[in-house]
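Undergrad: For the sequence shown, position 88 (counting from the first letter as 1) is numbered 88 according to the UniProt record's numbering, and the numbering increases by one without interruption.
Below is a structure I'd like to ask you about.
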Amino acid sequence: MNFSNVPNKRKSGAASPLHGDYTASGAQLTMYQVPPIEDVALEEFEQFALDRLRVLKGVEEARSRGRKPDELESVVNDLWRKHMRMGDAAETTRKDIISHYVLRLAYCRTEDLRKWLLSQESALFRYRFRMESPDAQRRFLTESGLPYNPVANAELEAHKDKLLQVARSVAGAGATAESVYYKVPFEDVPELVAGRKVLLSKGWAYVPRDQLAALVVGHFRTRLSKSLTLTRSQWNAKIEAQEKDRLTPVVEALSSRYLGPDYSTPSTKAGVRVADVDALAAASFPLCMQHLLHKVRDDHHLKHGGRQQLGLFLKGIGLTLEDALTFWRTEFAQKFGVDKFDKEYAYNVRHNYGKEGKRTDYTPYSCIKIISSTPGVGDHHGCPYRHFSQDNLSAALGRMRLNRKTIDDVMTKVKNHHYQLACAATFEGVHGAPCESGINHPNQYFDESRKRAASREGDDPTAQGTPPVAERQPAAERASPVTPVH
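Okay, structure coming up:
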């Protein structure tokens with residue numbers, strides 16, 4: 001495809017028509033049938049894709065929370081305005097099309113990625129189509145080559161009573177029949193047939209205009225599915241190798257990019273002391289960090305992956321380098337001795353704080369990075385919602401004093417592979433308050449928890465709000481940590 005070989009720079013001073021759909025009517029909604037042929041700067045290539053990902057992930061979260069259709073329309077509208085809207089309609093359409101094709105490249109590479117993009121893009125398309133005016137919807141059908149036209153008034157009159165019965169069975173006794181219907185083969189709208197939302201007569205389905213989205217989304221989904229399969233073949237055959245030094249690293253990183261705030265430095269006014277860690281863990285650590293802390297307290301050791309995940313998290317909540325060295329030395333010395341710690345492990349702690357090696361100030365791991373990790377035997381890092389067995393996860397949630405209803409909700413989200421939403425549900429169960437923004441980062445979980453604690457205490461919500469330090473119990477008296485099954 002032309003778009004697979006995006007040049008480094010956009011041609012300066014040149015107009016930027018993308019394809020026929022873009023120049024025909026200025027419509028902002030398309031079937032994405034023709035890829036853009038203009039040159040796109042690498043900065044736009046990546047930024048447009050990240051902005052679209054923010055929209056798609058917002059749609060995913062809203063859907064998983066069971067939002068009603070009218071609420072979803074509002075969510076999509078707000079997300080689109082925030083992340084995709086440009087100065088004028090033409091530039092918005094340009095960004096829409098380019099970002100869609102970039103994500104096709106990024107998400108064509110595995111079956112799971114293709115399924116995710118297909119689901120979220122179809123949902124986004126559905127609600128964007130629903131928000132179009134009737135005239136714009138009819139124009140879209142024509143421009144997209146969909147052979148559907150409104151039913152003539154004489155034919156509608158012949159089915160008036162039955163159409164009214166269907167309308168009332170769907171929307172209630174006070175409903176009236178839609179004034180515009182589309183007559184289509186019934187197999188084109190299986191979703192509406194299964195939900196008994198359309199009149200069937202002699203193999204035809206009479207689709208009211210307010211249900212037209214289901215018909216159009218079916219075509220959109222089919223076309224996108226085929227396009228993703230074709231893109232994967234092209235990616236594997238030539239694009240990946242041809243662009244290995246330029247686009248390939250960008251494309252491969254998109255599906256695992258963290259899109260939230262930077263937690264490389266503490267967002268709180270006061271730091272965290274070593275003596276505070278256990279009390280803070282019980283009150284405000286996400287499950288992944290609670291588990292790692294339990295393991296290092298009990299085993300006095302963590303492998304490299306666990307040390308990185310926990311160590312950078314502690315750095316992000318405000319533990320200084322000196323206190324971090326004290327924390328790790330205190331635990332590891334019980335098993336290896338102080339000398340061995342200083343020789344073999346202290347360097348890694350200083351390295352994470354940018355004091356050794358390349359002097360890079362490493363950032364705490366995001367949920368996406370943690371979820372995508374692959375812990376081996378003896379490892380304890382990773383995401384409990386993904387890597388724990390069902391029994392171990394349920395037991396761990398019970399030890400967080402969650403009620404049965406919350407645990408069941410969390411386990412349902414885990415079964416559907418919504419690991420971050422499962423963490424958000426855990427947060428809501430622990431704190432008794434909604435987490436509208438979802439959980440995208442362990443340090444976000446911690447910050448939101450401390451804000452709620454400070455609010456309850458009447459403090460400044462940006463302050464640390466460190467609770468009193470509880471005397472640490474011996475390992476045998478504490479709840480035993482759960483062991484993940486990999």
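Every residue gets a Cβ at the ideal spot worked out from N, C-alpha and C, and that includes glycine.
The structure presented is a predicted model; accordingly, all values stated were derived computationally and were not measured.
Does the segment 29-36 touch the segment 209-226, meaning 3 or more C-beta pairs lie closer than 8 Å?
TA: Result yes; three or more Cβ-Cβ pairs closer than 8 Å.
Undergrad: Among the residues of its own chain, which have a CB less than 6 Å from the CB of residue 258, if the five just before and after it don't count?
TA: Looking up residue 258 in the sequence shown gives position 258. Taken in chain order, the residues that qualify are 366 and 368.
Undergrad: Exposed or buried, residue 420, counting other C-beta atoms within 10 Å across all chains shown (16 or more means buried)?
TA: Residue numbering aside, residue 420 sits at position 420 when the sequence shown is read from its first letter. With 16 or more other Cβ atoms within 10 Å, it is buried.
Undergrad: What residue ranges within the segment 431-458 form continuous alpha helix (DSSP H) runs of no fewer than 4 residues, ordered along the chain?
TA: Listed in chain order, the complete alpha helix (DSSP H) runs (minimum 4 residues) inside the segment 431-458 are 442-457.
Undergrad: Does DSSP put residue 206 in a helix, in a strand, or in coil?
TA: Residue mapping note: residue 206 aligns to position 206 of the sequence shown, counting from 1. Three-state result, residue 206: strand.
Undergrad: Can you round the beta-carbon distance between residue 41 and residue 254 to whole angstroms, since I take them to be within the 8 Å contact cut?
TA: Taking the sequence shown and counting its residues from 1, the one referred to as residue 41 is at position 41. Taking the sequence shown and counting its residues from 1, the one referred to as residue 254 is at position 254. Not really, about 16 Å apart at Cβ, beyond 8 Å.
Undergrad: May I ask you to report which of helix, strand or coil DSSP gives residue 29?
TA: Position 29 of the sequence shown, counted from the first residue, corresponds to residue 29. Coil.
Undergrad: Am I right that residue 380 and residue 295 are in contact with their C-beta atoms under 8 Å? What's the rounded C-beta distance?
TA: Indexing the sequence shown from 1 puts residue 380 at position 380. Indexing the sequence shown from 1 puts residue 295 at position 295. Contact flag correct, Cβ pair sits at about 5 Å.
Undergrad: Tell me which residue opens and which closes the beta strand (DSSP E) that residue 162 is part of.
TA: By one-based count along the sequence shown, residue 162 stands at place 162. That residue, residue 162, is in no beta strand (DSSP E); its alpha helix (DSSP H) goes 160-171.
Undergrad: For residue 338, count neighbouring C-beta atoms within 10 Å of its own C-beta (all shown protein chains included) and say buried if the count is 16 or more, exposed if not.
TA: Looking up residue 338 in the sequence shown gives position 338. The residue in question, residue 338, is exposed, as its Cβ has fewer than 16 Cβ neighbours within 10 Å.
Undergrad: List the endpoints of the continuous beta strand (DSSP E) containing residue 506.
TA: Outside the displayed range of the chain (1 to 486) lies residue 506, so it cannot be described from this structure.
Undergrad: Is it the case that the Cβ atoms of residue 199 and residue 163 are separated by a distance below 7 Å?
TA: In the sequence shown, residue 199 corresponds to position 199, counting from 1. In the sequence shown, residue 163 corresponds to position 163, counting from 1. Contact: yes.
Undergrad: Answer yes or no: do residue 352 and residue 312 have a C-beta to C-beta separation smaller than 7 Å?
TA: The residue labelled residue 352 in the question sits at position 352 within the sequence shown. The residue labelled residue 312 in the question sits at position 312 within the sequence shown. In this structure, residue 312 lies closer than 7 Å to residue 352 by Cβ.
Undergrad: Could you tell me the alpha carbon to alpha carbon distance between residue 139 and residue 128, rounded to whole angstroms?
TA: Working through the sequence shown from its first residue, we reach residue 139 at position 139. Working through the sequence shown from its first residue, we reach residue 128 at position 128. Taking the straight line joining both Cα atoms gives about 14 Å.
Undergrad: Would residue 317 and residue 272 be called neighbours here (beta carbons separated by less than 7 Å)?
TA: Taking the first residue of the sequence shown as position 1, residue 317 is located at position 317. Taking the first residue of the sequence shown as position 1, residue 272 is located at position 272. In contact: residue 317 and residue 272 (Cβ atoms closer than 7 Å).
Undergrad: Around the C-beta of residue 322, are 16 or more other C-beta atoms found within 10 angstroms, so that it is buried, or is it exposed?
TA: Position 322 of the sequence shown, counting from 1, holds the residue named residue 322. Exposed, because fewer than 16 other Cβ atoms sit within 10 Å of the Cβ of residue 322.
Undergrad: Can you name the residues that DSSP bridges to residue 150?
TA: Taking the first residue of the sequence shown as 1, we reach residue 150 at position 150. In DSSP, residue 150 forms a bridge with 182.
Undergrad: Give me whichever residues DSSP pairs with residue 201 in a beta bridge.
TA: Locating residue 201 in the sequence shown gives position 201, counting from the first residue. According to DSSP, residue 201 bridges with 204.
Undergrad: Check for me: the alpha helix (DSSP H) holding residue 344 runs from which residue to which?
TA: Counting from 1 along the sequence shown, the entry for residue 344 is found at position 344. Start and end: 338-344.
Undergrad: Look at residue 424 and residue 435 and say whether their C-beta atoms are less than 7 Å apart.
TA: Walking along the sequence shown from the start, residue 424 turns up at place 424. Walking along the sequence shown from the start, residue 435 turns up at place 435. Yes, they are a contact pair.
Undergrad: Restricting to Cα atoms, I'd like to know which of 185, 246, 363 and 290 is closest to residue 262.
TA: One-based indexing of the sequence shown puts residue 262 at position 262. Minimum Cα distance to residue 262 is reached at 363.
Undergrad: To the nearest angstrom, how far is it from the Cα of residue 26 to the Cα of residue 150?
TA: Indexing the sequence shown from 1 puts residue 26 at position 26. Indexing the sequence shown from 1 puts residue 150 at position 150. Its pLDDT being 35, under 50, residue 26 is placed unreliably in this model, and the coordinates cannot settle the point.
Undergrad: Looking only at its chain, what residues have a beta carbon closer than 6 Å to the beta carbon of residue 232, apart from the 5 residues adjacent to it on each side?
TA: For this step, residue 232 is matched to residue 232 along the sequence shown. Once the five neighbours on either side are set aside, the close Cβ partners of residue 232 are 108.
Undergrad: I need the straight-line Cα distance from residue 431 to residue 55, nearest angstrom please.
TA: Start at 1 with the first residue of the sequence shown, and residue 431 comes out as number 431. Start at 1 with the first residue of the sequence shown, and residue 55 comes out as number 55. Those two C-alpha atoms are separated by around 27 Å.
Undergrad: Considering only residues of the segment 370-414, which uninterrupted alpha helix (DSSP H) runs meet the minimum length of 4 residues and lie entirely inside it, listed in chain order?
TA: Whole alpha helix (DSSP H) segments, 4+ residues: 384-387 and 390-399.
Undergrad: If distances are taken between C-alpha atoms only, which option among 378, 384 and 410 comes closest to residue 372?
TA: As a position in the sequence shown, residue 372 is number 372, starting the count at 1. The residue with the shortest Cα to Cα distance from residue 372 is 384.
Undergrad: Residue 376 to residue 443, Cα distance in whole Å?
TA: For the purposes of this step, residue 376 is taken as residue 376 along the sequence shown, with counting starting at 1. For the purposes of this step, residue 443 is taken as residue 443 along the sequence shown, with counting starting at 1. Their Cα atoms are separated by approximately 24 Å.
Undergrad: How is the alpha helix (DSSP H) around residue 214 delimited, first residue to last?
TA: Walking along the sequence shown from the start, residue 214 turns up at place 214. Element bounds for residue 214: 212-234.
Undergrad: Locate the alpha helix (DSSP H) running through residue 251, then write down its first and last residues.
TA: To locate residue 251, count along the sequence shown from 1; it is residue 251. Start and end: 247-254.
Undergrad: For the putative contact between residue 402 and residue 429, defined by C-beta atoms under 8 Å, what is the C-beta separation to the nearest angstrom?
TA: Position 402 of the sequence shown, counting from 1, holds the residue named residue 402. Position 429 of the sequence shown, counting from 1, holds the residue named residue 429. Indeed they touch by this definition, with Cβ atoms about 4 Å apart.
Undergrad: Using the rule of at least 16 other Cβ atoms within 10 Å of the residue's Cβ for burial, across every protein chain shown, is residue 304 buried or exposed?
TA: Reading the sequence shown from its first residue, position 304 is the one you call residue 304. Residue 304 comes out exposed.
Undergrad: Please confirm if the segment 113-131 is in contact with the segment 45-65, defined as three or more CB-CB distances below 8 Å between the two stretches.
TA: These segments touch.
Undergrad: Does the distance from the C-beta atom of residue 114 to that of residue 228 stay below 7 Å?
TA: Here residue 114 refers to the residue found at position 114 when the sequence shown is read from its first residue. Here residue 228 refers to the residue found at position 228 when the sequence shown is read from its first residue. A contact, by the Cβ cut-off of 7 Å.
Undergrad: At what residues does the alpha helix (DSSP H) containing residue 95 begin and finish?
TA: Taking the sequence shown and counting its residues from 1, one reaches residue 95 at position 95. 89-107 is the span of the alpha helix (DSSP H), which, as asked, contains residue 95.
Undergrad: At what residues does the alpha helix (DSSP H) containing residue 320 begin and finish?
TA: Position 320 of the sequence shown, counted from the start, is the residue given in the question as residue 320. Residue 320 -> no alpha helix (DSSP H), and no H or E assigned at all.
Undergrad: Quickly, what does DSSP pair residue 272 with across the bridge? List them, please.
TA: In the sequence shown, residue 272 corresponds to position 272, counting from 1. For residue 272, which the question treats as bridged, DSSP gives the partners 319.
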